Structures are given as structure tokens and as C-alpha cells.
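For the sequence shown, the numbering used here begins at 371 and goes up steadily by one.
All C-beta atoms, glycine included, are put in the ideal place defined by N, C-alpha and C.
It should be emphasised that the depicted structure is a prediction, and the values quoted were computed from it without experimental measurement.
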Amino acid sequence: MTVQKSWKQHLESQLWELERAQLLRQRGLSPIGNSKREIRLDFGSNDYLGLRKNQAILGAIEAAIQSASDSALPSSEFVSWGSGASPVLNGHTSPHRVLESKLASLNHTSDAMVFSSGYACNVGVLSCLADIDCIVFSDQLNHASLIDGLRLSRSERVVYQHVCMKDLSEKLERLRGSRARGLIVTESIFSMDGDEAPLREIAELAERFDCGLIVDEAHATGVFGTQGGGLVDELKLTDRVLLKLGTLSKALGGIGGYAAGDHETVQYLVNRCRSFLFSTAPPPLAMLAASAATEQCLKMDEARKHLHMMASSLRQQLRDAGWNVLAGRSPIVPVIIGEAEKTLRLSAKLLELGIYVPAIRPPTVPQGSCRLRISLSANHTSADIATLTEAIGAP
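Rendered as C-alpha cells:
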């Protein structure tokens with residue numbers, strides 16, 4: 371006989387289990403209590419180019435707000451806070467169109483479309499394109515939003531070992547023929563390990579086995595490529611990719627997601643993608659800010675060089691101190707600790723010193739691979755890196 375529980379009892383028991391396993395999360399900075407120390411150094415955001423507080427972007431928002439209160443301007447030029455409707459109704463405003471044009475240019479594609487978030491973009495695009503006649507090959511460490519999009523689709527789903535081309539090739543050879551269409555889905559820079567997908571090899575396999583290739587560039591946009599066009603751009607693979615998925619919330623410092631590709635693919639998504647069709651369009655002011663951020667991104671080659679130099683230096687310093695640091699070129703520098711309790715304790719120690727470095731635990735990463743995830747910004751200096759490494763100390 372099934373023992374019945376109230377919802378309150380069920381939820382309380384689930385929360386207790388999370389707390390017992392050191393996996394309970396809170397809103398706010400500290401995983402252990404609530405530190406009242408002022409954050410002097412932030413190594414926890416994905417603000418890779420430091421654009422969250424960029425004065426040119428804030429100035430563009432201020433000017434738009436001022437113009438909205440100017441009665442001399444025609445109403446069509448007003449920039450409102452909310453868009454008021456779906457993008458396929460009257461929610462798609464001039465700021466949306468301008469931003470989409472700039473994103474297409476940044477990504478060297480013929481078209482682009484914006485979503486309310488990167489999660490909405492990934493879930494919507496994959497659940498839309500991958501249907502019952504499609505087989506999808508997905509990297510083992512793809513982001514939750516990509517995994518959820520594929521779960522919502524009716525496609526056959528095959529997970530291949532992380533960045534293992536031998537495993538991907540074997541699975542393509544064995545299984546690709548089971549469906550009319552095929553997709554390969556990968557991140558370019560993986561969000562928790564900070565490493566790169568072997569995109570050239572993946573593109574070759576996609577062509578060999580007649581698969582579309584979808585690349586999530588969330589952590590590569592602004593950081594890699596010509597003027598920040600991403601890793602696909604750096605490797606000159608844009609013409610071999612069906613879609614590039616990206617976000618406005620990391621290097622571009624704002625909120626929202628986007629898909630960039632040829633006009634026919636984007637137009638299909640405009641007509642069929644449920645997270646686009648049935649969501650109110652993102653706020654025009656946020657789109658205007660993202661346009662200003664995209665303009666800034668194009669001019670930040672020196673900031674990108676500095677960012678990569680800081681990442682390389684930090685990896686080496688931490689390794690020299692004896693820490694297990696995963697390889698990579700990105701500004702995501704993971705320090706593998708292993709146990710959740712030790713990871714939380716080190717994160718809390720740093721927070722008490724005014725240094726924020728988040729502790730990453732399951733289900734975000736596999737059991738036994740808890741880590742400090744250090745995210746660098748172009749605003750960080752060599753002195754900041756030295757302060758961090760001194761505070762972390764030795765294992």
C-alpha cells in the first residue's frame with residue numbers, strides 16, 4: 371500500500387535530503403549562511419568583457435528614457451520599457467530589428483532572432499527543429515537548456531562522450547541511418563569545464579554523415595573570433611553550421627538569447643518555435659542596451675587579448691600552487707576540489723575575505739567533481755589575480 375504524503379511533507383523531505391548532501395542552494399552569494407562582507411573582487415559572473423556597467427551602454431539607455439519623455443518626438447520613436455506582445459504581433463519593435471541586424475553581422479550570418487533568455491532560445495530551437503524523423507547526437511556535457519530542448523523534442527537522442535570524436539564517429543556510423551535527418555549539437559566553450567569542442571572535426575563528421583550542426587556559442591561570443599564573433603567564427607566554420615545559438619547575458623552584459631543562421635532557418639523558427647511565438651518579446655530597452663553592447667564588443671580586441679592573458683596566467687599560478695585546474699583557453703577556470711563540503715568551505719573562506727568565487731556542485735557537475743568556477747573579466751588586473759591566488763593558497 372502506498373504511503374500518502376502531503377505536498378508539504380514531500381517538499382520538506384526533499385529539501386532535507388538536499389541539505390544533508392550539501393546540495394541545498396539559496397538565493398544570494400553565500401552557500402553557507404549569508405556573508406555580510408562587501409564583495410571586493412567578483413569572480414562569479416559571466417561578464418567577460420565588463421560590459422554590465424559600461425558607461426556607453428548606460429548612456430544609451432538614459433538617452434532612450436529621455437527621448438520617451440520628449441513630447442516633440444513622434445510616438446513611433448518612443449522606446450518603452452515593455453514590448454507588450456509576442457514578436458509576431460506588435461511586440462517586435464525597432465530596437466529588436468536593429469539588434470537582430472547587428473547580431474547577424476557579428477555572427478557573419480544572413481539573419482538572427484532574439485529570445486527572452488538563452489534558456490528559452492535553446493529549449494525552443496531544439497524542441498522545434500528535432501522531430502520524430504530526426505536523430506540528434508549531443509555532447510555529454512551540453513548545457514541543461516540544450517538537454518531539456520532535446521527531451522521536449524520527439525527525436526531519437528544519442529549522447530556521445532564529452533569531446534570524444536571516436537565515440538561520436540562510431541555512433542554516427544552505427545545509428546545515423548535510423549532517421550531521415552540528423553543533428554549534432556554541441557557547445558563551443560563548455561560552461562563548467564571551460565574547454566573547447568573540436569569544432570573542425572565535428573563539422574567534418576556532420577558533413578560526412580549528412581547532419582546539421584548546431585553550436586551554442588554562449589561562452590564564446592565576445593571572447594573568441596573576429597571582433598568577438600565566437601569560436602565558430604575564429605575557426606572559419608560559419609558556412610558549415612546550421613545555427614549558432616547565443617546569449618546577450620554573458621559577454622554582452624545584458625539579458626536575452628539569440629539564434630543566428632540563414633534566412634530560411636530563422637524564418638522557419640519564427641513560424642514554429644513555441645518559446646518565441648508564445649512569449650512576450652523582450653523589453654525594447656533591453657534590446658537597445660544589447661545593441662550598444664554589440665557595438666562596444668566589436669571594438670574590444672585589446673580587452674580580449676588581456677582577458678586571455680589573465681586566464682592563462684591564472685591557470686598557471688593555480689597549477690604551480692598544486693591545484694587541479696582543467697585545461698583551456700577560455701576565461702572559465704575550474705578548480706576541481708571533489709567533495710561538496712570542502713568546496714563550500716573554500717568558497718565561504720574566500721567570501722569572508724571579500725572575494726566571490728562560486729562553489730559548483732551536482733547536478734550542475736557530476737558527483738565527485740565539485741569545483742570552484744572562476745570567471746574572469748577584462749576588468750580584472752594582474753593584481754586581482756595575485757590577490758585571488760594568495761587567498762586560495764595551497765590544497
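Measure the alpha-carbon distance for residue i versus residue j and round it to whole angstroms.
i, j, result
"Ala729", "Tyr489", "22 Å"
"Gly403", "Phe560", "Note on Gly403: pLDDT 46, under 50, position unreliable in the model; the coordinate value appears next. Approximately 30 Å, taken between the alpha carbons."
"Thr650", "Arg422", "24 Å"
"Ser641", "Thr751", "According to the sequence provided, residue 641 is Asn. The question's Ser does not apply to it. Each residue's Cα considered, the two are about 46 Å apart."
"Ser619", "Ser515", "15 Å"
"Asp518", "Gly494", "9 Å"
"Ala659", "Thr617", "13 Å"
"Asn460", "Ala433", "23 Å"
"Glu447", "Ala656", "For Glu447, the predicted model reports a pLDDT of 48, less than 50, meaning its position is unreliable; a value from the coordinates is still stated below. Their backbone Cα atoms lie some 16 Å apart in a straight line."
"Glu543", "Phe579", "8 Å"
"Ser558", "Ala567", "5 Å"
"Arg589", "Ser383", "Reading off the sequence, residue 589 comes out as His, not Arg. If I take the Cα positions, the gap works out to 36 Å."
"Thr635", "Ala576", "17 Å"
"Glu387", "Ala710", "14 Å"
"Gly738", "Cys534", "21 Å"
"Leu714", "Ala455", "43 Å"
"Gln531", "Ala438", "52 Å"
"Pro736", "Ser471", "39 Å"
"Leu615", "Val602", "11 Å"
"Gln379", "Leu428", "47 Å"
"Leu740", "Gln436", "Per the sequence shown, residue 740 should be read as Cys rather than Leu. The straight-line gap from Cα to Cα measures roughly 47 Å."
"Ala718", "Met371", "45 Å"
"Asn749", "Ser376", "50 Å"
"Leu758", "Gln396", "24 Å"
Compare the Cα-Cα distances from residue i to each of the options and report the closest residue.
i, options, result
"Ser539", "Arg731, Ala573 and Ser619", "Ala573"
"Ala691", "Ala761, Leu639, Arg642 and His676", "Ala761"
"Thr734", "Leu394, Ala630, Pro465 and Ser558", "Leu394"
"Val529", "Glu543, Val555, Glu634 and Gly519", "Val555"
"Ala430", "Asp417, Tyr418, Asp412 and Val449", "Val449"
"Gly671", "Thr596, Ser415, Leu622 and Leu381", "Before going further, note that residue 671 is Asp rather than Gly in the sequence given. Ranking Thr596, Ser415, Leu622 and Leu381 by Cα distance to Asp671 puts Thr596 first."
"Ala753", "Val458, Gly623, Leu684 and Asp417", "Leu684"
"Cys498", "Cys643, Asp417, Ser383 and Ser471", "Cys643"
"Leu525", "Gly552, Thr479 and Gly616", "The amino acid at residue 525 is misidentified as Leu; the sequence shows Ser. Measuring from the Cα of Ser525, the nearest candidate turns out to be Gly552."
"Asp412", "Asp580, Gln436 and Val727", "Val727"
"Thr664", "Phe579, Glu557 and Gly420", "Gly420"
"Arg546", "Ser437, Arg527 and Asn694", "Arg527"
"Glu408", "Thr759, Thr591 and Leu721", "Leu721"
"Arg689", "Leu428, Ala764 and Lys719", "Ala764"
"Lys669", "Ala500, Leu476 and Ser682", "Leu476"
"Trp451", "Pro652, Arg397, Asp501 and Leu696", "Pro652"
What do you reckon, are the CB atoms on residue i and residue j nearer than 8 Å?
i, j, result
"Gly600", "Glu587", "yes"
"Ala673", "Ala426", "no"
"Arg390", "Gly724", "no"
"Arg699", "His676", "no"
"Val611", "Val585", "yes"
"Asp503", "Ala550", "yes"
"Val506", "Leu520", "yes"
"Cys667", "Ala621", "yes"
"Ile702", "Ser487", "no"
"Phe485", "Gly627", "yes"
"Leu613", "Arg570", "no"
"Met680", "Leu742", "no"
"Met483", "Phe648", "no"
"Gln510", "Arg731", "no"
"His479", "Pro654", "Note on residue identity: the sequence assigns Thr, not His, to residue 479. The answer is no: Cβ separation not under 8 Å."
"Ile755", "Gln687", "yes"
"His466", "Asn492", "no"
"Leu716", "Ile706", "no"
"Asp481", "Asp632", "yes"
"Leu424", "Gly623", "The sequence shown places Asn at residue 424, rather than the Leu named in the question. The answer is yes: Cβ separation under 8 Å."
"Pro704", "Met562", "yes"
On the DSSP bridge assignment, give the partners of residue i in chain order.
i, result
"Gly586", "Looking at the sequence provided, one finds Asp at residue 586 rather than Gly. Paired residues: Glu557 and Leu615."
"Met483", "Ala629"
"Asp754", "In the DSSP output, where bridge partners are listed per residue, Asp754 has none listed."
"Arg743", "Pro704"
"Ala729", "Leu742"
"Asp412", "Tyr726"
"Cys581", "Gly552"
"Glu389", "According to DSSP, which records beta bridges pairwise, Glu389 is partnered with nothing at all."
"Glu766", "This structure cannot settle anything about residue 766, because the visible part of the chain is limited to 371 through 765."
Relative to the ligand MG, is the shortest distance from any of its heavy atoms to the C-beta of residue i smaller than 7 Å?
i, result
"Leu393", "You won't find the ligand MG in this model; it holds no ligand whatsoever."
Nearest chain D C-beta to residue i closer than 8 Å, yes or no?
i, result
"Glu577", "Considering every chain present, this structure includes no chain D. It has just one protein chain."
| message | Which complete beta strand (DSSP E) runs does the stretch 504-555 hold, if anything under 3 residues is left out? | response | The stretch 504-555 contains these whole beta strand (DSSP E) runs: 504-509 and 526-530.
| Whole runs of the alpha helix (DSSP H) within the stretch 660-726, excluding any shorter than 4 residues | Within the stretch 660-726, the complete alpha helix (DSSP H) runs of at least 4 residues are 671-690 and 710-722.
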